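Numbering (UniProt numbering), first residue to last: 1 to 132.
In what follows, a structure is listed as structure tokens, so that the remarks can point back to it.
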Amino acid sequence: MTIAVQIVWLFVLAIPIACISWTVTHEEIFREPHEWCVRRSKNDKFILSRKFFYLLTCEYCFSHYVTIAFLIICDYKLLLNDWRGYILAGFSLVFMANVYMSLFALLRQAIKKEKVEIEKIESETDTENSKN
1 MTIAVQIVWL FVLAIPIACI SWTVTHEEIF REPHEWCVRR SKNDKFILSR KFFYLLTCEY
61 CFSHYVTIAF LIICDYKLLL NDWRGYILAG FSLVFMANVY MSLFALLRQA IKKEKVEIEK
121 IESETDTENS KN
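Next up, the structure:
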């Protein structure tokens with residue numbers, strides 16, 4: 001595989017990794033299991049158990065597991081065609097997936113901010129209209 005194709009694979013494979021990691025750790029569909037893992041990560045008796053459950057609630061940590069699954073499924077290696085290629089690919093995919101998730105979080109935050117500002121303007125307008 002040429003370096004250009006490997007780079008394309010890097011940017012493309014990071015997308016589903018980011019989507020899965022974000023969905024499992026942030027979205028409403030997984031709220032109950034997420035809350036259960038959060039409770040276990042804070043209250044379990046054993047430190048290894050607490051750390052394990054924490055890894056399931058952190059998008060950065062969880063993206064490592066999703067990346068490992070994608071490396072196995074896709075047999076993707078970066079730059080080197082042996083075990084070192086898997087390591088380079090793994091950490092590069094985690095990095096890119098987390099860049100995507102950070103950009104997505106910023107985008108969602110900006111959208112929420114705009115919605116709040118619009119609601120404020122609308123309520124002020126409604127208040128002014130009701131006074132007139």
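All residues carry an ideal CB built from backbone N, CA and C; glycine is no exception.
Please read these numbers as outputs of a predicted model, since none were measured by experiment.
>> Please identify the residue among Val99, His34, Leu78, His26 whose C-alpha is closest to the C-alpha of Val5.
In response: Leu78
>> When you compare the CB positions of Ser21 and Glu59, do they come within less than 9 Å of one another, or not?
In response: yes
> Given a threshold of 16 other Cβ atoms within 10 Å of its Cβ, counted over all protein chains shown, does Ile111 qualify as buried or as exposed?
Replying inline: exposed
>> Quick check on the DSSP output: the alpha helix (DSSP H) that includes Leu1 runs from which residue to which?
In response: Just to set this straight, residue 1 is Met in the shown sequence, not Leu. Taken as a continuous stretch (DSSP letters only), Met1 belongs to no alpha helix (DSSP H), as it is neither H nor E.
> Between Thr67 and the rest of its own chain, which residues show a CB-CB distance below 6 Å, the 5 nearest in sequence each way excluded?
Replying inline: Ile17, Gly90, Leu93, Val94
>> Rounded to the nearest angstrom, what separates Tyr86 and Pro33 at their Cα positions?
In response: 30 Å
> Hey, how far is the Cα of Phe52 from the Cα of Val38?
Replying inline: 10 Å
> Residues in its own chain within less than 8 Å of Leu80 by CB, not counting five upstream and five downstream?
Replying inline: Leu88
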